[in-house]
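Numbering (UniProt numbering), first residue to last: 1 to 548.
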């Protein structure tokens, strides 16, 4: 399995353990081909770890990674210092400094080594920056002056400028608005060489040539985008489930035949003993017959036992191919939100937009419009009903809460007691709820057994997310308004499914900031509030209206 132009990344029995002994990947073998590959898998499967191993940022515990060229890497979270410039985020700051030194007359050889063949880097950067709304004049700007989504797009543009043979992107659509997601998709469609993208963004995954899944310590690659892979997986799962049902029936039949055979043997033995005692057959002849009968019975039992074991093995093999897809079905208390009840209001100086009753509202807008800032100010104003303000191009958008029963799910899943278990974390916000009831609800959220008592710090990302969700949904008294800020960021596709399922039973109002339109559609959004680039509010009847 040599690494070549067609297979630029080869994994050979790759194992990685964290310093505390936790195994992230074990004995992983496989290849990535040239082209665009979407890497999917559940939270905790090791996707981000695998990208860091391929990028050379981590060293395998055993086995090895073989790559055919330089690797460019975009991490899930950009770590930006206070004085990080756009040039540094692009990765061209050292090259620009060397060019400036040469232009000023400094002929030190190290400057020429740094520049290499990139004498036109500033012109290429200017051209690339124009595509995302910047210019070369912005190279000295601090990244603190731009939004997280803009910073992500600048970093991706930097990888395009580097033109590495292999590029790895870890959740690149996080924090990107609809316009910048479309730009990223355009970049992906024309990306040269080998591109591997970890993402939960179903729209982006449709632009991949291949789909690779990390599951049960194996890497499987399918030649097609996510929807084709998903369809193929569903067909294979249906066939596996049918094979398991058939194997189960076969096992039952073999066990039944084994019981019937044992019953017949018992009858024969009783008949033989009776004949021996009362049938007048010589003792020697009777003994020979009994001996032959025992041998025959033993052979029959051995054969029947072998059939039962074979049928059990077939069932075990079939069941091992069937994935256990668990779903969330919560029964939540009524938060008592009448349709006429005002929950929150937003005002931009010209118009007022009201969230009323159990509405499901999406707050959307371009990166940098101030959506997260507005949410944070809204929450800090809280029950005092002071107006919250989010500023944008001189326009002050204010918001006021009309209820003090608010649940908030921030982009970062913090606010948990790391040393306490899930049960204690939820009981802290539902003190009047019996622990047994909380435990039962946590089980419905797929947190069962010892998991609910283990410290939160030891839980996987998916488990941690469900603890935050439990605190949100099981609070006593129940929240009348749930505020969710980019809730699908860093979630695997299965966790997004579980979030939709969990919220299906909630009867209060929901305000969600998200650029993920497929998620918003599944959530059943009633109203869209758009915070425009001009700083004004625009109300839309739904996602369809926004699309037009």
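Virtual Cβ for every residue (Gly too), placed ideally from N, Cα, C.
C-alpha gap between residue i and residue j, whole angstroms
i: residue 530; j: residue 366; result: 9 Å
i: residue 511; j: residue 454; result: 31 Å
i: residue 84; j: residue 497; result: 37 Å
i: residue 158; j: residue 182; result: 18 Å
i: residue 462; j: residue 495; result: 7 Å
i: residue 27; j: residue 355; result: 52 Å
i: residue 340; j: residue 489; result: 33 Å
i: residue 314; j: residue 333; result: 45 Å
i: residue 218; j: residue 29; result: 7 Å
i: residue 191; j: residue 16; result: 30 Å
i: residue 223; j: residue 320; result: 24 Å
i: residue 175; j: residue 145; result: 16 Å
i: residue 619; j: residue 351; result: Here the chain covers residues 1 to 548 and nothing more, so residue 619 does not appear.
i: residue 202; j: residue 302; result: 54 Å
i: residue 342; j: residue 402; result: 6 Å
i: residue 180; j: residue 141; result: 20 Å
i: residue 474; j: residue 485; result: 19 Å
i: residue 93; j: residue 506; result: 50 Å
i: residue 125; j: residue 55; result: 24 Å
i: residue 63; j: residue 25; result: 11 Å
i: residue 262; j: residue 304; result: 10 Å
i: residue 406; j: residue 502; result: 17 Å
i: residue 610; j: residue 377; result: The chain is shown from 1 up to 548; residue 610 falls before or after that span and cannot be answered.
i: residue 69; j: residue 195; result: 13 Å
Which listed residue (the options) has its alpha carbon closest to that of residue i
i: residue 215; options: 359, 517, 247 and 50; result: 50
i: residue 139; options: 174, 97, 163 and 160; result: 97
i: residue 429; options: 449, 476 and 256; result: 476
i: residue 135; options: 87, 226, 304 and 194; result: 87
i: residue 347; options: 116, 537 and 145; result: 537
i: residue 95; options: 115, 76 and 77; result: 115
i: residue 442; options: 418, 469 and 481; result: 469
i: residue 71; options: 421, 57, 446 and 398; result: 57
i: residue 324; options: 446, 208 and 518; result: 446
i: residue 225; options: 241, 238, 249 and 199; result: 199
i: residue 458; options: 8, 420, 129 and 204; result: 420
i: residue 409; options: 188, 483 and 120; result: 483
Buried/exposed call for residue i, threshold 16 Cβ in 10 Å
i: residue 6; result: exposed
i: residue 229; result: buried
i: residue 359; result: buried
i: residue 371; result: buried
i: residue 384; result: With a pLDDT of only 44 at residue 384, under the threshold of 50, the placement of this residue in the model should not be trusted, and no figure is reported.
i: residue 252; result: exposed
i: residue 492; result: buried
i: residue 170; result: buried
i: residue 338; result: exposed
i: residue 143; result: buried
i: residue 22; result: exposed
The ligand FMN heavy atom lying under 7 Å from the CB of residue i
i: residue 320; result: Inclusion of the ligand FMN in the displayed structure is not the case, the ligand content being empty and no account of it being possible.
Range of the contiguous beta strand (DSSP E) that encloses residue i
i: residue 538; result: 537-540
i: residue 565; result: In the structure as shown, the chain begins at 1 and stops at 548. Residue 565 is therefore absent and cannot be evaluated.
i: residue 134; result: Counting along the chain, residue 134 falls outside any beta strand (DSSP E), and DSSP gives it neither H nor E.
i: residue 556; result: Only positions 1 to 548 of the chain appear in this structure, which leaves residue 556 out of reach.
i: residue 523; result: No beta strand (DSSP E) holds residue 523; the alpha helix (DSSP H) holding it covers 517-523.
i: residue 17; result: 9-17
N- and C-terminal bounds of the alpha helix (DSSP H) containing residue i
i: residue 49; result: 47-54
i: residue 452; result: Neither: residue 452 is in no alpha helix (DSSP H) and is coded neither H nor E.
i: residue 157; result: 148-162
i: residue 437; result: 435-444
i: residue 360; result: Taken as a continuous stretch (DSSP letters only), residue 360 belongs to no alpha helix (DSSP H), being part of the beta strand (DSSP E) at 360-364.
i: residue 80; result: No alpha helix (DSSP H) holds residue 80; DSSP gives it neither H nor E.
Three-state secondary structure assigned by DSSP to residue i
i: residue 86; result: helix
i: residue 465; result: helix
i: residue 226; result: helix
i: residue 190; result: coil
i: residue 411; result: coil
i: residue 377; result: helix
i: residue 250; result: helix
i: residue 215; result: strand
i: residue 106; result: coil
i: residue 348; result: coil
i: residue 121; result: helix
i: residue 260; result: helix
i: residue 496; result: helix
i: residue 38; result: strand
i: residue 59; result: coil
i: residue 308; result: helix
i: residue 232; result: helix
i: residue 479; result: coil
Contact with chain B by residue i, beta-carbon distance below 8 Å
i: residue 132; result: Within the model displayed, chain B is absent; a lone protein chain is all it includes.
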